[in-house]
Amino acid sequence: MTASSGLLLALLSLCGALRAHNEDLTARETCKAGFSEEDYTALISPNILQGEKLLKVKFSSCLGNKGTQYETNSVDFKVGADGTVFATRELQIPSEQVAFTVTARDHQTAKQWDAMVRLLVAQTWTSNSGRKKGKNVDLDPAQPPQDILLPWPQRQSSSGLRRQKRDWVIPPINVPENSRGPFPQQLVRIRSDKDNDIPIRYSITGVGADQPPMEVFSIDSMSGRMYVTRPMDREERASYHLRAHAVDMNGNKVENPIDLYIYVIDMNDNRPEFINQVYNGSVDEGSKPGTYVMTVTANDADDSTTANGMVRYRIVTQTPQSPSQNMFTINSETGDLVTVAAGLDREKVQQYTVIVQATDMEGNLNYGLSNTATAIISVTDVNDNPPEFTSSTFAGEVPENRVETVVANLTVMDRDQPHSPNWNAVYRIISGDPSGHFSVRTDPITNEGMVTMAKAVDYELNRAFMLTVMVSNQAPLASGIQMSFQSTAGVTISVTDINEAPYFPSNRKLIRLEEGVPAGTALTTFSAVDPDRFMQQAVRYSKLSDPANWLHINASNGQITTAAVLDRESLYIRNNVYEATFLAADNGIPPASGTGTLQIYLIDINDNAPELLPKEAQVCEKPGLNAINITAADADIDPNIGPYVFELPFIPATVRKNWTITRLNGDYAQLSLRILYLEAGVYEVPITVTDSGNPPLSNTSVIKVKVCPCDENGDCTTIGAVAAAGLGTGAIVAILICIVILLTMVLLFVMWMRRRGKERLTKQLLIDPEDDVRDNILTYDEEGGGEEDQDYDLSQLQQPEAMEHVLSKAPGVRRVDERPVGAEPQYPVRPVVPHPGDIGDFINEGLRAADNDPTAPPYDSLLVFDYEGSGSTAGSVSSLNSSSSGDQDYDYLNDWGPRFKKLADMYGGSEED
387 MTASSGLLLA LLSLCGALRA HNEDLTARET CKAGFSEEDY TALISPNILQ GEKLLKVKFS
447 SCLGNKGTQY ETNSVDFKVG ADGTVFATRE LQIPSEQVAF TVTARDHQTA KQWDAMVRLL
507 VAQTWTSNSG RKKGKNVDLD PAQPPQDILL PWPQRQSSSG LRRQKRDWVI PPINVPENSR
567 GPFPQQLVRI RSDKDNDIPI RYSITGVGAD QPPMEVFSID SMSGRMYVTR PMDREERASY
627 HLRAHAVDMN GNKVENPIDL YIYVIDMNDN RPEFINQVYN GSVDEGSKPG TYVMTVTAND
687 ADDSTTANGM VRYRIVTQTP QSPSQNMFTI NSETGDLVTV AAGLDREKVQ QYTVIVQATD
747 MEGNLNYGLS NTATAIISVT DVNDNPPEFT SSTFAGEVPE NRVETVVANL TVMDRDQPHS
807 PNWNAVYRII SGDPSGHFSV RTDPITNEGM VTMAKAVDYE LNRAFMLTVM VSNQAPLASG
867 IQMSFQSTAG VTISVTDINE APYFPSNRKL IRLEEGVPAG TALTTFSAVD PDRFMQQAVR
927 YSKLSDPANW LHINASNGQI TTAAVLDRES LYIRNNVYEA TFLAADNGIP PASGTGTLQI
987 YLIDINDNAP ELLPKEAQVC EKPGLNAINI TAADADIDPN IGPYVFELPF IPATVRKNWT
1047 ITRLNGDYAQ LSLRILYLEA GVYEVPITVT DSGNPPLSNT SVIKVKVCPC DENGDCTTIG
1107 AVAAAGLGTG AIVAILICIV ILLTMVLLFV MWMRRRGKER LTKQLLIDPE DDVRDNILTY
1167 DEEGGGEEDQ DYDLSQLQQP EAMEHVLSKA PGVRRVDERP VGAEPQYPVR PVVPHPGDIG
1227 DFINEGLRAA DNDPTAPPYD SLLVFDYEGS GSTAGSVSSL NSSSSGDQDY DYLNDWGPRF
1287 KKLADMYGGS EED
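Under the working numbering, residues 387 to 1299 are what the sequence shown spells out, in order.
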């Protein structure tokens, strides 16, 4: 080849590469939804298994394939969600090919796309020259591969773009896996019938060529010889689909691309591998032959449609070989382990270990590869052994009156699995205990039956029991197993007598009597009963609790008498009931005792006189201003309390002269002055109070009344309160002197402060009054020269007392902190009856007056807002009148005290005695 022709070929190749690159860019920029091909072709065998995957169609919706569903017009083939075409049933295809349509539907856009799928039977192929029967092209290293002339047909269509059905099939190429080479190893030579006319360049594309895994296959671009470059592994990839292309030296397509199918022939290079090395299963004891136990599974990576991947199972050994060396068998194809002999007994053999072997080549031990796994079969327990008592009779003893006490232990034997429902015992008393005094509980550890006292037994009523107890399991017995005669036993329980404590038949005995009965009065007999009828014992009584020590009990017969007067008003009484506890003890061995409670309900009598309340009070020195409300307290209860009668004694005579009592109701009265004036001081006023008991009781009590001067509201003044408290003249003088001394100290402090203020005013101002520092811009970030710059008096900046320099200023020149000396500006006066529209006008007028006021301070000065003006437009509250209508009774205002005296006079008038 000359240099010019080589350059021409290089340019053509570059042009072809650029054109391919542009086409790739265009394809990336514009995405078109649809199948990757209009027509899919795949080689299949005549016999197809159910679910066998045939090929995979590729579809893109440009938005993801989540909403895409595939359908076919054939009942024998379906398409999975990932585009995989598979057979729905086992098929045998007699014809050379099967064609059907695959439809992709997008539920979101309701669009659909169709593609043709053609399945070609691999044993036959046809060409344009006619039908010929032939075989697959097998790679035989000993013979050179034959050349295959591929007369690639041209597409013929009026439009020039429509795909025509192919009427020829390229036979597949079979390549054995694990070939030792040498590599590259030629597979086949592909040539076009046009290579005699023009030079043709050949190429292959697809997985294994220009797609991962890369460069598994290669082709000589000039001769068309295709090679495999390395050993093949069927378990890695079982087939390859390539396309062969033929172009001229300019890159122009000479023939249409053809499909090449390369199948990797399986070799038996993989042993069967069990999913688990150890399998665990179980079977019930006593199971019948043919009972399923478990399934072991081994997978072979070789082709499962050939003998290389067909696995068969067998049992190698069984341990232990009891009761038979062939207790189990295995299905050679499925790996199911089942029982083959009877006699499984957990009580004899609890577990079997079975070694299972899996062999490929359909179980041929001479040619196949094998592997083993261990199957551990546990014999599970069934309730085929009823529990049995170790003895037919049991005995026990229990003291009377005991509860929750274990009387006897019943032992049983059960050969089933311990601590399982088949072993756990359940006990039941079937006779001998009609009253339910006993119960039998199961010990969870030993499985023994514990006969326990559920109810107390009285020796005087029952001295012995004969029980019949039956035992069973929590789980029912297995089918065909009967209860044993040893599952029932007799239990004899003896009751022993003990010394029982005496008891009071009527515990918490209640009696009723009036309070105040004298000491030595017999109240009742509180006796106890000794339940030990077969023992000759004496009972003695004593007090256990008598809080007030009011009672006495006879030690022999239990008679209760009073030791003191019973008082219902005592602190030991609760709800009119007095409670005492007594002890009754026998002389048995050991001694026993019981307690009883006696409750005495005391009926009230009128034995307490009423007491006057309050003990102290305060009243004004003039009558009519206030009064004292008095009442009484009585320790008795109804009907020995109110209504009360309040009276003033006749002696001394000054009591009735100065005071008077007004009855308010049955429990309250008012004490007030009778005379017009009573000198301030403390007065002791005796008052007699009588209750309503039968007979009534009276009591004369003294109330201390403080009489003091009062103000117009009826309240005691401070001086009056001091005088009423009884302070002497010396004490009052001492108080006044202290007040004078305190005022003098305050005055001296004020004068000292004013003197210091004048001293500060005598210092000269730092600047001229005409140049007010507050009218200038001050710099605050200067720290000065130290303490020497701070020798000045800030008091000079305050308002001076003298006004001469202010009056001498020119008009319009004034300090902002000076008091105005001219006439005050006239601000608008708010109308008496405001109108909503007047509020805004009032504010605006005030604003204009403030803006025009030359004496108004600036915004950054201290403003005074609490000045309310010289007068008020509102009227006086005293002009308000009150009126009442109707016959309202306001006399109760007199009972509210001196503070409501004025109101009582206005509405109801005052009440005079």
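Ideal Cβ placement from N, Cα and C applies to all residues, glycine included.
| Query | Result |
| --- | --- |
| If you reduce the DSSP assignment to three classes, tell me which class Cys1102 lands in. | strand |
| With Asp819 and Leu796 assumed to form a contact (beta carbons below 8 Å), what rounded beta-carbon distance in angstroms separates them? | Not a contact, Cβ separation roughly 14 Å. |
| Among Gln704, Ile986, Phe775, Glu774, which has the Cα closest to the Cα of Arg331? | The question about residue 331 has no answer here: the residues shown for the chain are numbered 387 through 1299. |
| Specify the secondary structure class of Gly980 as computed by DSSP and reduced to three states. | strand |
| How would you write the range of the alpha helix (DSSP H) that Asp1291 sits in, first residue to last? | 1287-1293 |
| Could you name the residues of the same chain whose beta carbon sits closer than 8 Å to that of Thr1103, not counting the 5 residues immediately before and after it, in chain order? | Cys1094, Pro1095, Cys1096, Asp1097 |
| What do you reckon, are the CB atoms on His627 and Val679 nearer than 9 Å? | no |
| Would you report the Cα separation of Thr886 and Gly982, rounded to the nearest angstrom? | Here the sequence assigns Glu to residue 886, which means Thr is not the residue at that position. Distance between the alpha carbons of Glu886 and Gly982: 15 Å. |
| Could you tell me how far apart the beta carbons of Val1075 and Ser1087 are, in whole angstroms, since I believe they sit closer than 8 Å? | 7 Å |
| Between the alpha carbons of Trp936 and Ser913, how many angstroms are there, rounded? | 19 Å |
| State the DSSP-derived secondary structure class of Asn1230, mapped to helix, strand or coil. | helix |
| For Phe486, name the three-state secondary structure that DSSP assigns. | strand |
| So for Tyr889, helix, strand or coil by DSSP? | strand |
| With a CB to CB cut of under 8 Å and the five nearest residues on each side skipped, what residues in its chain are close to Pro480? | Pro432 |
| Which residue from Asp916, Gly453, Gly672, Lys1144 puts its Cα closest to that of Phe890? | Asp916 |
| Considering only the beta carbon of each residue, do Pro996 and Leu1083 sit closer than 9 Å? | yes |
| Go ahead and label Ala781 buried or exposed: buried means 16 or more other beta carbons lie within 10 angstroms of its beta carbon, across all protein chains shown. | exposed |
| Helix or strand or just coil, what does DSSP make of Ser1015? | It should be noted that the sequence gives Asn, not Ser, for residue 1015. The answer is strand: DSSP assigns Asn1015 an E or B state. |
| What's the call for His805, buried or exposed, on a 16-neighbour Cβ count within 10 Å? | exposed |
| Could you pull the DSSP bridge partners for Cys1124 from this structure? | DSSP output for Cys1124 lists no bridge partner at all. |
| Give me the Cα-Cα distance between Tyr426 and Ala419, rounded to the nearest whole angstrom. | 17 Å |
| In terms of alpha-carbon separation, which member of Tyr964, Ala905, Ile884, Ile879 lies closest to Arg894? | Tyr964 |
| So, using beta-carbon positions, are Leu440 and Val461 closer together than 9 Å? | no |
| Taking just the CA atoms, how far does Ile590 sit from Gly422? | Position check: residue 422 holds Ser in this sequence, whereas Gly was assumed. So the alpha carbons of these two residues sit roughly 18 Å apart. |
| For Arg1141, which of helix, strand or coil comes out of DSSP? | helix |
| Rounded to a whole number of angstroms, what is the C-alpha to C-alpha distance between Pro1081 and Asn992? | 7 Å |
| Which residues in the same chain have their Cβ closer than 6 Å to the Cβ of Gly754, if we skip the five residues on either side of it in sequence? | Thr745, Asp746, Met747 |
| State buried or exposed for Pro772, treating a residue as buried only when at least 16 other CB atoms are found within 10 Å of its CB. | buried |
| I'd like the span of the alpha helix (DSSP H) that includes Asn1044, first residue to last. | 1039-1044 |
| Need the endpoints of the beta strand (DSSP E) that Asp425 sits in, please. | 425-430 |
| Output the boundary residues of the beta strand (DSSP E) element that contains Thr911. | 908-911 |
| Looking at Val443: is its Cβ nearer than 9 Å to the Cβ of Ala496? | no |
| CB-CB under 8 Å to Ser1265, same chain, minus the five flanking residues each way: which ones, in chain order? | Confidence at Ser1265 is low in this model, with a pLDDT of 49, below 50, so the placement of that residue should be treated as unreliable; the coordinate-derived value is given next. Counting only Cβ-Cβ distances below 8 Å, and skipping sequence neighbours, we find nothing. |
| Does the Cβ of Asp1161 have 16 or more other Cβ atoms within 10 Å, making it buried, or fewer, making it exposed? | Confidence at Asp1161 is low in this model, with a pLDDT of 49, below 50, so the placement of that residue should be treated as unreliable; the coordinate-derived value is given next. Asp1161 comes out exposed. |
| If distances are taken between C-alpha atoms only, which option among Arg849, Thr878, Ile816 comes closest to Val857? | Ile816 |
| If you reduce the DSSP assignment to three classes, tell me which class Pro785 lands in. | strand |
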